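The block underneath contains the structure these notes are about, expressed in structure tokens.
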Amino acid sequence: MAQQGNFKSPSRMGGLGDSASPSSAGSVSGGKPRDQGIKEADFERRSFLGKIVGGVGAAVAISTLYPVVRYLIPPPLKEVASVNELNVGKATEVPENTGKIYQFNKDKVIVINDNGKLTACSAVCTHLGCSVSWDNAQNLIFCPCHGAKYQQTGEIISGPQPLPLAPYKVRVEGENLIISKA
Ligand code: FES
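So the sequence shown is residues -2 to 179, counted in my numbering.
Shown next, in the form of structure tokens:
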């Protein structure tokens, strides 16, 4: 088989003459032995690649685990200052014979306009916490989850709910609709 590349055949090496001492073969003049230099370079390359792979692995692990940890340990909720009354919008937002739900402090409040008479109570069903709505045809507050029925002022009519809806006050000032604690 023909020899290729820079492989030096014994015959070619013979051309170097006998002056080259055996100890000089494979070493760099004034440096480390060649095999040792190769091993050290190989070790440094592996060490460098190991650091790169380790760094990428750590970044992937952190980017994967961070959302999980944030989900499991949510940040503390900011305390929203509780108010006694709140301007929730324009009175025209609740036309006659309709109801509309507003956020009031931590509660949701339903404002009902029954032929011009405004009432308000919590919109959170006391059974399992579903949002109630105003049923104008039946003239009552209805919970769609398990059929709880309340009067428009929050008292229980029928259903599985253990308690009435918490009452609130509502009034109109100028054009504005004001909800306040009862
Ligand atoms: S949550 Fe309203 S009736 Fe069950």
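For each residue, glycine too, the CB sits at the ideal point set by N, CA and C.
Computed from a predicted structure; not experimentally measured.
- Contact annotation: Ile154 and Val85 have beta-carbon atoms that are not nearer than 8 Å.
- Between the region 100 to 110 and the region 124 to 132, the count of Cβ pairs shorter than 8 Å is three or higher; the stretches touch.
- Each of Cys122, His124, Leu125, Cys127, Cys140, Cys142, His143 and Ala145 has a C-beta closer than 5 Å to some heavy atom of the ligand FES; these make up the full list, in chain order.
- Membership of Glu93 in any beta strand (DSSP E) is not indicated, and neither H nor E is assigned to it by DSSP.
- Looking at the backbone, the Cα of Leu62 and that of Pro72 are separated by about 16 Å.
- Taken through DSSP and simplified to helix, strand or coil, Ala179 comes out as coil.
- For Gly52, DSSP records no beta bridge to any residue.
- Just measuring C-alpha positions, the residue of Lys48, Gly151, Leu125 and Gln100 sitting nearest Val80 is Gln100.
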